[in-house]
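In my numbering, the protein residues as written are 2 to 519. C-beta: ideal position from N, C-alpha, C; glycine also. Here's the structure we're looking at; comments come further down.
Here is the structure:
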């Protein structure tokens with residue numbers, strides 16, 4: 002927690018929540034004596050427990066530190082305003098103690114709203130969502146989808162404002178304060194985010210928007226289970242969630258969210274478009290596959306689990322089930338494998354369960370993808386991706402570094418006679434972006450079958466798919482030797498994509514849904 006904290010050394014720090022004080026003792030080791038630190042706590046019994054548990058003398062005797070304990074926000078605000086320096090727009094560093102924020106989120110929200118430097122309570126929204134030009138505030142964590150969304154909103158005539166968030170450098174309290182300040186300055190009609198990025202686990206931002214009657218929308222393009230499983234805040238009827246795979250609808254609704262809908266992915270034809278042959282020439286190949294090996298991703302997730310043999314054994318046993326019966330929630334996997342009494346499972350907390358489920362999804366994807374990619378060997382395929390492929394593949398596979406999504410990937414798609422796809426196990430029914438990007442770039446796609454595929458395209462006419470790995474070699478042979486049939490699929494698929502499957506079309510669908518509800 003302290004290692005991740007980044008503070009402006011010229012500004013006071015307001016620490017929300019005392020806890021037992023361990024995090025604050027670590028914090029002051031890295032602060033200059035001149036930097037003011039104001040610790041705010043609601044409950045006196047928390048202070049008593051902290052004093053009995055640990056020596057807080059280094060914190061309490063530090064010059065510039067003040068500890069304020071009271072259960073009335075107005076009283077605390079009086080003391081805080083008296084101790085905080087005037088001027089400089091009352092800019093502050095906020096640093097929240099997560100358990101305290103979860104337990105007393107309304108209390109700490111009132112404090113943040115009352116302190117100068119926040120936007121204050123959000124005014125009631127009056128414009129509604131039926132305006133021709135909406136004011137949309139987009140929370141941006143540098144996620145790959147945001148530029149396409151921004152262009153699509155602007156294409157539809159809406160005014161957008163981006164709030165850049167760097168979770169590696171900013172703490173939750175500071176992120177919340179800055180978002181609320183931007184909301185106050187921009188007065189948006191709608192908050193937009195991808196995967197709920199920018200929202201805190203404790204639900205303070207959600208609760209603030211609810212109190213201000215400000216609607217928000219989140220488009221999930223990755224597993225909501227791996228994100229919302231750790232969410233401990235309130236739900237809001239003003240929060241609408243779209244998921245790219247309908248298999249997650251019950252999961253999200255089960256958490257209490259009422260407005261949850263399916264919305265497939267799409268493409269941006271300004272990025273994925275036909276390119277001149279001379280530009281594509283260096284990328285020409287009979288067959289190409291672009292994707293992560295998942296080797297490093299799995300190792301990273303496993304490293305977050307406790308260094309105990311029982312957890313690794315649990316992972317290995319559950320992976321066997323995933324290979325036979327993928328797409329299941331973790332609890333169901335454990336039950337199906339009869340591992341409820343396994344020591345590793347008995348000692349799993351919420352974070353460990355989340356990391357374990359993520360590791361299983363990515364390990365299953367690694368195995369699923371490798372089995373299918375190996376079927377391409379007859380065509381000496383090019384594989385673009387991370388170094389993990391070097392552990393999994395050897396000649397005749399031609400291994401190449403990762404390509405840039407915006408500049409190089411469209412050229413790969415346009416220059417390859419066949420672009421191969423093997424979908425992540427995050428997706429049970431849905432298709433990924435490649436299904437739209439490849440035809441938009443005037444490329445040919447061979448993909449695995451998904452239920453959503455037949456709802457979006459005419460299979461066999463606008464897109465070619467395989468149901469089983471054993472079908473792949475023959476399909477590759479046929480379409481490499483029949484360029485006319487290949488081109489026909491490309492042309493028909495591209496027409497369909499440009500007509501129905503762009504981000505502009507998706508946002509039209511999204512906004513129509515929001516306007517019906519609000």
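- For residue 302 against residue 363, the beta-carbon gap comes to about 6 Å, under 8 Å, which counts as contact.
- The Cβ atoms of residue 97 and residue 198 lie no closer than 8 Å to each other.
- DSSP assignment within the region 418-442 yields the following whole alpha helix (DSSP H) runs of 4 residues or more, N-terminal first: 435-441.
- By DSSP's assignment, residue 260 forms a beta bridge with 241.
- Judged by beta-carbon spacing, residue 289 lies within the 8 Å limit of residue 383, meaning their Cβ atoms are closer than that value.
- For residue 467, the secondary structure class from DSSP, reduced to helix, strand or coil, is strand.
- Between the region 152-161 and the region 496-512, the count of Cβ pairs shorter than 8 Å is three or higher; the stretches touch.
- The distance from the Cβ of residue 463 to that of residue 494 is about 4 Å, consistent with a contact at the 8 Å cut-off.
- If you look at residue 268, you'll find it isn't in any alpha helix (DSSP H); DSSP assigns it neither H nor E.
- DSSP places residue 97 inside the beta strand (DSSP E), whose first and last residues are 94-97.
- For the pair residue 432 and residue 246, the Cα-to-Cα distance works out to about 8 Å.
- Within a 10 Å sphere around the beta-carbon of residue 204 sit 16 or more other beta-carbons, which makes this residue buried.
- In its chain, beyond the 5 residues on either side, 386, 387 have a beta carbon closer than 7 Å to the beta carbon of residue 293.
- Ranked by how close their Cα comes to the Cα of residue 380, the residues 277, 398, 329, 67 have 398 in first place.
- Contiguous beta strand (DSSP E) elements confined to the region 144-227 occur at 160-165, 191-195, 217-221, taking only those with 3 or more residues.
- When secondary structure is reduced to three states using DSSP, residue 82 falls in the helix class.
- Distance from residue 140 to residue 164 at the Cβ level is roughly 5 Å; contact confirmed, criterion being Cβ atoms closer than 8 Å.
- For residue 360, the enclosing alpha helix (DSSP H) begins and ends at 351-374.
- As DSSP reads the structure, residue 141 sits in a beta bridge with 165.
- Straight-line measurement puts the Cα of residue 341 at about 38 Å from the Cα of residue 435.
- Taking a contact as a CB-CB distance under 8 Å, the pair residue 365 and residue 330 does not count as one, their CB atoms being some 13 Å apart.
- Going by beta carbons, residue 355 and residue 229 fall outside the 8 Å limit.
- In the structure shown, residue 272 falls within a coil segment according to DSSP collapsed to helix, strand and coil.
- Between residue 249 and residue 219, the gap from beta carbon to beta carbon reaches 8 Å or more.
- DSSP places residue 448 in the uninterrupted beta strand (DSSP E) bounded by 446-449.
- Segment contact: the region 476-483 against the region 415-430, three or more CB-CB distances shorter than 8 Å; contact assigned.
- For residue 54, the enclosing alpha helix (DSSP H) has its first and last residue at 45-54.
- Beta bridge pairing from DSSP links residue 401 with 385.
- Looking at the DSSP output, residue 42 shares a beta bridge with 70.
- Taking a C-beta distance under 8 Å as the contact criterion, residue 338 and residue 299 do not qualify as a contact pair.
- Annotated three-state conformation of residue 32 is coil, per DSSP.
- In this structure, DSSP gives residue 482 a state outside helix and strand, which the three-state scheme calls coil.
- When the five nearest sequence neighbours on each side are left out, the beta carbons in the same chain lying within less than 7 Å of the beta carbon of residue 452 are those of 430, in order along the chain.
- With contacts defined as CB atoms closer than 8 Å, residue 449 and residue 414 fail to qualify as a contacting pair.
- Three or more Cβ pairs closer than 8 Å define a contact, and the region 258-276 meets that threshold against the region 498-505.
- Under the three-state reduction of DSSP, residue 236 is assigned to coil, being neither helix nor strand.
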